[in-house]
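Undergrad:
In the numbering used here, the protein residues as written are 35 to 230.
1) Identify every run of the alpha helix (DSSP H) within the segment 43-100, keeping only runs that are complete inside it and at least 4 residues long; order them along the chain.
2) How is residue 149 classed by DSSP in three states: helix, strand or coil?
3) Quickly, what does DSSP pair residue 178 with across the bridge? List them, please.
4) Drop a sphere of 10 angstroms on the beta-carbon of residue 103, count the other beta-carbons inside from all chains shown, and report buried for 16 or more, exposed for fewer.
5) How big is the Cα-Cα spacing for residue 201 and residue 88?
6) Name the two residues that bound the continuous alpha helix (DSSP H) containing residue 31.
7) Spell out the partners DSSP gives residue 143 in its beta bridges.
8) When the Cα atoms are used, what is the spatial distance from residue 178 to residue 56?
9) On a Cα-Cα basis, can you pick out the residue from 188, 183, 148 that is closest to residue 142?
10) May I have the straight-line CA-CA distance separating residue 80 from residue 136, to the nearest angstrom?
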């Protein structure tokens with residue numbers, strides 16, 4: 035949770051700096067590229083932890099992997115992250131940066147997890163229904179996870195809807211583990227007799 039708050043601060047500062055020079059979208063792409071580069075190059079992340087390697091060499095190692103696609107702001111941001119030792123939260127900073135831009139545009143990203151990819155018409159209906167409920171335009175970010183078995187799990191802003199089969203089974207198993215105490219007194223369920 036602390037990392038999320040810290041990532042939001044970094045993202046806000048970056049958004050402010052990018053907005054001042056009109057590079058919001060470009061900086062967003064650069065941040066995504068940085069996140070991808072660090073996640074794919076474990077050796078690069080390991081290098082960042084070595085205290086004997088000068089800051090300039092660490093920054094050069096990262097920018098060398100990314101290429102000439104970085105703006106001056108992007109390079110300065112990388113330098114600050116490395117100097118502060120916060121390159122490990124780049125993925126979270128990216129998420130927060132994208133959220134900030136989406137908020138400014140009145141867009142909510144809804145993460146939808148299902149066992150199989152959703153068909154386009156179903157995705158569109160889901161986005162429209164969520165948009166009506168949240169009062170904003172909704173973009174669906176789809177995750178496929180066969181472990182959910184069926185149904186969907188939706189996370190959008192503070193809204194969490196878990197209509198997956200796996201969640202239903204988990205809740206049912208919890209009821210069974212509790213000995214059915216929660217079921218006692220429900221229609222069609224006989225009351226449990228207390229053991230002596």
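Where a beta carbon is used, it is the ideal one built from N, C-alpha and C, also for glycine.
TA: On the basis of the data shown:
1) 58-74, 76-83, 89-100
2) coil
3) 148
4) exposed
5) 49 Å
6) Past the boundaries of the shown model lies residue 31; the chain is included only from 35 to 230, so the question cannot be answered.
7) 173
8) 35 Å
9) 188
10) 33 Å
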